[in-house]
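Residue numbers (my numbering): 8 to 371.
Beta carbons: idealized from backbone N, C-alpha and C, even for Gly.
Predicted, not measured: the structure shown is a model, and the values here were computed from it.
Okay, so here's the structure we're looking at.
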Amino acid sequence: MNKPAPKPWIMDIAPYIPGRSTTDDGRTVAKLSSNENPLGTSPAARAAFAAAAGKLERYPDASATELRDAIAAANGLDAARIIYGNGSDEVLHLAAGAFAGPGDEVIHVRYGFAVYEIATRRVGATPVIAPDRDYATDVDAVLACVTDATRIVYIANPNNPTGTYAARDEIARLHAGLPPHVLLVLDHAYAEYIDGAAADGGMELAERASNVLVTRTFSKLYGLAAERIGWGYGAPELIEAMHRIRLPFSITIAGQNAAIAALADTDFVTHTRDHNARWRAWFADEIAKLGNAGLRAVPSQANFVLVVFEGAVTAEVAYKGLMDAGYIVRWLPGQGLAQGLRITIGTEEETRGVIAALRGIVGA
Ligand SMILES: *Cc1c(COP(=O)(O)O)cnc(C)c1O
């Protein structure tokens with residue numbers, strides 16, 4: 008060997024592809040490709056962020072005590088069981104880093120969040136893919152994948168990129184069917200968008216079970232994607248193991264301040280949630296009207312909708328047509344979803360505009 012050799016499992020990783028913000032010809036258009044908050048960020052969070060500019064020479068609090076206390080108070084949780092990360096992506100990686108390695112298997116669903124496979128391969132473990140049931144998580148299929156080598160099951164609920172939601176009893180059944188040594192990671196990046204904010208029971212499981220980790224983020228509903236603030240909640244032993252490998256200062260002071268302020272701005276949270284519920288329902292109704300053209304909206308509980316194209320107009324054609332019309336959405340052929348487009352619920356204007364453009368594309 009005449010040069011450093013990356014581990015073979017690292018070279019098996021297909022790099023993460025982020026949502027685009029410009030068109031093929033470089034125009035900046037409406038970005039409906041990354042599930043960001045179309046209403047922006049809470050003004051209070053913005054002000055708290057700006058206030059941190061006066062003190063840049065100090066490291067952040069490595070324990071993020073104030074932030075963890077604020078999260079605990081807002082959610083009725085125990086601050087000692089909260090771990091933070093540079094986005095919940097870091098927490099998802101910490102779970103794999105602490106609980107899986109070469110020879111181990113890690114399960115995620117087909118059409119699951121792309122980070123799970125990267126986190127799995129990064130530690131030399133083997134991804135195992137459970138088949139879906141019409142794009143939704145199939146608990147029986149997941150349980151059928153469990154072997155003696157299984158160490159982690161990653162489930163996003165609601166799931167990305169499908170928007171589907173597994174109800175409380177399904178999650179309970181999944182947990183009950185797992186051997187106690189298997190870590191169940193419930194990724195709640197979109198939990199705040201669930202209708203009526205019904206819970207899937209994951210947080211209660213994380214409270215009482217020794218093998219459940221729930222992850223949350225400030226990137227979506229709270230409009231702080233730029234600041235990279237996520238967190239996880241689980242049994243003290245889980246959190247303690249992950250602490251050993253986390254980066255000590257992975258979120259900035261400005262970000263921590265902004266997140267604390269964002270939690271307190273319940274008006275902005277409610278406004279965002281109401282906006283999303285209203286326009287997600289409207290969007291799904293409009294897609295239903297294009298059923299003759301083979302379009303179908305997969306039922307979503309998130310801030311985006313997966314539109315499946317089963318008629319003459321393909322998802323690829325619609326993707327390009329929408330880009331020409333000024334809307335970037337997410338087409339995911341690399342994830343086996345060449346037949347669908349994941350479209351973020353935008354502002355009213357963007358949502359109406361993307362539907363008008365789709366009608367034009369399919370000739371409705
Ligand atoms: C967006 C997203 C995340 C989180 O991202 P961070 O910005 O790293 O917190 C996690 N899981 C899913 C399923 C997501 O869609």
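Going by beta-carbon coordinates alone, are residue i and residue j separated by less than 8 Å?
{"i": "Arg280", "j": "Glu356", "result": "no"}
{"i": "Ser40", "j": "Val336", "result": "yes"}
{"i": "Ser307", "j": "Gly170", "result": "yes"}
{"i": "Gly239", "j": "Thr222", "result": "yes"}
{"i": "Leu220", "j": "Val192", "result": "yes"}
{"i": "Ala284", "j": "Pro165", "result": "no"}
{"i": "Ala59", "j": "Leu99", "result": "no"}
{"i": "Ile246", "j": "Tyr91", "result": "no"}
{"i": "Tyr142", "j": "Leu313", "result": "yes"}
{"i": "Phe311", "j": "Ile352", "result": "yes"}
{"i": "Arg180", "j": "Ala206", "result": "no"}
{"i": "Arg287", "j": "Pro168", "result": "no"}
{"i": "Asp139", "j": "Asp147", "result": "no"}
{"i": "Asp111", "j": "Arg158", "result": "yes"}
Under the three-state reduction of DSSP, which class applies to residue i: helix, strand or coil?
{"i": "Asp96", "result": "helix"}
{"i": "Glu64", "result": "coil"}
{"i": "Tyr200", "result": "helix"}
{"i": "Lys38", "result": "strand"}
{"i": "Glu317", "result": "coil"}
{"i": "Asp176", "result": "helix"}
{"i": "Ala132", "result": "coil"}
{"i": "Gln346", "result": "strand"}
{"i": "His188", "result": "coil"}
{"i": "Phe106", "result": "helix"}
{"i": "Asp274", "result": "helix"}
{"i": "Thr72", "result": "helix"}
{"i": "Ile260", "result": "helix"}
{"i": "Leu101", "result": "helix"}
{"i": "Ala59", "result": "helix"}
{"i": "Phe225", "result": "coil"}
{"i": "Ala291", "result": "helix"}
{"i": "Leu231", "result": "coil"}
{"i": "Ile78", "result": "helix"}
{"i": "Asp147", "result": "helix"}
{"i": "Ala304", "result": "strand"}
{"i": "Tyr23", "result": "coil"}
{"i": "Gly341", "result": "helix"}
Taking the alpha carbon of residue i as the reference point, which residue from the options has its own alpha carbon closest?
{"i": "Ser70", "options": "Gly83, Glu214 and Ile89", "result": "Ile89"}
{"i": "Gly341", "options": "Glu323, Thr277 and Gly333", "result": "Glu323"}
{"i": "Ala304", "options": "Phe275, Gly347 and His282", "result": "Gly347"}
{"i": "Tyr334", "options": "Ala21, Ile368, Gly262 and Ala213", "result": "Ile368"}
{"i": "Thr321", "options": "Gly262, Ala309, Gly301 and Ala12", "result": "Gly301"}
{"i": "Arg27", "options": "Val361, Met330, Thr358 and Gly360", "result": "Met330"}
{"i": "Glu293", "options": "Ala371, Asp202, Gly318 and Ile260", "result": "Ala371"}
{"i": "Val153", "options": "Ile162, Ala137, Asp141 and Thr144", "result": "Ala137"}
{"i": "Ala103", "options": "Arg129, Arg117 and Ala79", "result": "Arg129"}
{"i": "Arg34", "options": "Thr358, Ile350, Arg349 and Ala332", "result": "Ala332"}
{"i": "Asn82", "options": "Leu254, Ile267 and Val312", "result": "Ile267"}
{"i": "Glu177", "options": "Thr351, Ile162 and Glu317", "result": "Ile162"}
{"i": "Glu97", "options": "His250, Phe316 and Trp338", "result": "His250"}
{"i": "Ala77", "options": "Phe275, Leu344, Leu181 and Ala269", "result": "Ala269"}
{"i": "Ala216", "options": "Ala196, Ala248 and Ala183", "result": "Ala183"}
{"i": "Ile252", "options": "Glu73, Leu101 and Met18", "result": "Leu101"}
{"i": "Glu234", "options": "Asn218, Asp111 and Asn264", "result": "Asn264"}
{"i": "His195", "options": "Asp202, Met210, Pro186 and Thr157", "result": "Met210"}
{"i": "Trp289", "options": "Asp272, Arg359 and Tyr326", "result": "Arg359"}
{"i": "Arg53", "options": "Asp32, Phe316, Tyr326 and Ala261", "result": "Ala261"}
{"i": "Pro15", "options": "Tyr326, Val315 and Thr133", "result": "Thr133"}
{"i": "Asp68", "options": "Leu254, Tyr197, Ala151 and Asp19", "result": "Leu254"}
With a threshold of 8 Å between beta carbons, is residue i in contact with chain B?
{"i": "Asp31", "result": "The question asks about chain B, but that chain is absent: this structure has only one protein chain."}
For residue i, count neighbouring Cβ atoms within 10 angstroms of its own Cβ and tell me buried if that reaches 16, exposed if not.
{"i": "Ala57", "result": "exposed"}
{"i": "Pro109", "result": "exposed"}
{"i": "Thr277", "result": "exposed"}
{"i": "Lys62", "result": "exposed"}
{"i": "Leu212", "result": "buried"}
{"i": "Tyr66", "result": "exposed"}
{"i": "Glu244", "result": "exposed"}
{"i": "Tyr23", "result": "exposed"}
{"i": "Asn9", "result": "exposed"}
{"i": "Asn299", "result": "exposed"}
{"i": "Pro11", "result": "exposed"}
{"i": "Thr48", "result": "buried"}
{"i": "His188", "result": "exposed"}
{"i": "Pro50", "result": "exposed"}
{"i": "Glu64", "result": "exposed"}
{"i": "Arg75", "result": "buried"}
{"i": "Gly241", "result": "buried"}
To the nearest whole angstrom, what separates the beta carbons of residue i and residue j, a pair I think is in contact under 8 Å?
{"i": "Val135", "j": "Val113", "result": "7 Å"}
{"i": "Phe256", "j": "Gly237", "result": "Their Cβ separation, rounded to whole angstroms, is 15 Å, which puts Phe256 and Gly237 out of contact at 8 Å."}
{"i": "Lys227", "j": "Asn44", "result": "7 Å"}
{"i": "Leu190", "j": "Phe106", "result": "5 Å"}
{"i": "Gly328", "j": "Ala364", "result": "7 Å"}
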